[in-house]
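Those letters in the sequence shown? Residues 8 to 178, per my numbering, in order. Each residue gets a CB set at the ideal place from its N, CA and C atoms; glycine is no exception.
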Amino acid sequence: MIILGIDPGLQTCGYAFLETDQVGQKLIEAGVFQTNVAMPMEKRLNQIAEDIQALLEKFKPSIVAIEELYSHYEHPKTAILMGHARGVILQKCAEAMVAVRSFNATRIKKSVTGNGRASKEQVQRTIQTLFALSTLPEPNDVADAMAVALCCANSMGQEKVLEKANYDSKN
8 MIILGIDPGL QTCGYAFLET DQVGQKLIEA GVFQTNVAMP MEKRLNQIAE DIQALLEKFK
68 PSIVAIEELY SHYEHPKTAI LMGHARGVIL QKCAEAMVAV RSFNATRIKK SVTGNGRASK
128 EQVQRTIQTL FALSTLPEPN DVADAMAVAL CCANSMGQEK VLEKANYDSK N
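Okay, here's the thing in structure tokens:
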């Protein structure tokens, strides 16, 4: 199964493709795509749509995992801007008929580092270790997208364990 993890943003979107099987996970590709801050909002959103569509067509993921919106009371505009980008991404996933799972930032961090309040640097270092990367994944949007994909893979593994336990208890 191929999972596409996305850390959505209006200026920078991180993405990571993870292949999972019974043995474990393997990173296929990770990176970012960016929009030009000088462009009008509608053109930036169109660029995000084109970039996501190209990734969906190239790798044909089974599922897309995306970080949920969050808002800090001091910066409500950030959530609104991220919401525009996230909406375009979700629409492209729907158009491609790819299932989507959303995860909040605390769950993603806890799944990867064991601490739901981990710093960006802790997530980067943990991702570097888990995937045996020679360098720290930069920018942090890449590490965040890798963490989203890994969180999805971990949650799907836990669901399979629970399904088996429920099946075994009924039989």
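Can residue i and residue j be called in contact, C-beta distance under 8 angstroms?
i	j	result
Ala72	Pro144	no
Ala125	Leu25	no
Ser109	Glu75	yes
Thr142	Thr133	no
Gly12	Val107	no
Pro146	Val105	no
Leu157	Gln32	yes
Leaving out the 5 sequence neighbours to the left and right, which residues in its chain are closer than 6 angstroms to residue i when beta-carbon positions are compared?
i	result
Gly21	Asp14, Val39, Asp148, Val149, Asp151, Ala152
Leu88	Leu17
Thr19	Val39, Gln41, Asp148
Ile55	Ala92, Val95
Thr27	Met8, Ala160
Ser118	Cys158, Asn161
Relative to the C-alpha of residue i, which residue among the options is closest?
i	options	result
Ala23	Ile35, Gln60, Glu49, Gly31	Ile35
Arg51	Gly94, Ala139, Ser69	Gly94
Val30	Asn43, Ala61, Met8, Val44	Met8
Met48	Tyr77, Gly90, Glu81, Ile10	Gly90
Ile10	Thr136, Asn43, Ile70	Ile70
Looking only at its own chain, which residues have a Cβ that is under 7 angstroms from the Cβ of residue i, when we skip the five neighbours before and after it?
i	result
Ala172	For Ala172, the predicted model reports a pLDDT of 48, less than 50, meaning its position is unreliable and no value from the coordinates is stated.
Gln131	Leu143, Pro144, Asn147, Ala150
Ala103	Leu63
Start and end of the beta strand (DSSP E) containing residue i?
i	result
Arg108	106 to 110
Leu52	Leu52 -> not in any beta strand (DSSP E); alpha helix (DSSP H) instead, spanning 48 to 66.
Ala72	70 to 74
Gly38	32 to 41
Ala23	19 to 27
Leu143	No beta strand (DSSP E) contains Leu143, which DSSP labels as neither H nor E.
Among the residues of its own chain, which have a CB less than 8 angstroms from the CB of residue i, if the five just before and after it don't count?
i	result
Pro83	none
Asp58	Cys20, Phe40
Phe66	Ile9, Leu11, Phe24, Ile35, Glu36
Between which two residues does the alpha helix (DSSP H) holding residue i run?
i	result
Gly94	83 to 102
TODO: Check whether the stretch 91 to 103 touches the stretch 111 to 131, counting contact only when three or more Cβ pairs, one atom from each stretch, lie closer than 8 angstroms.
DONE: Segments in contact, no.
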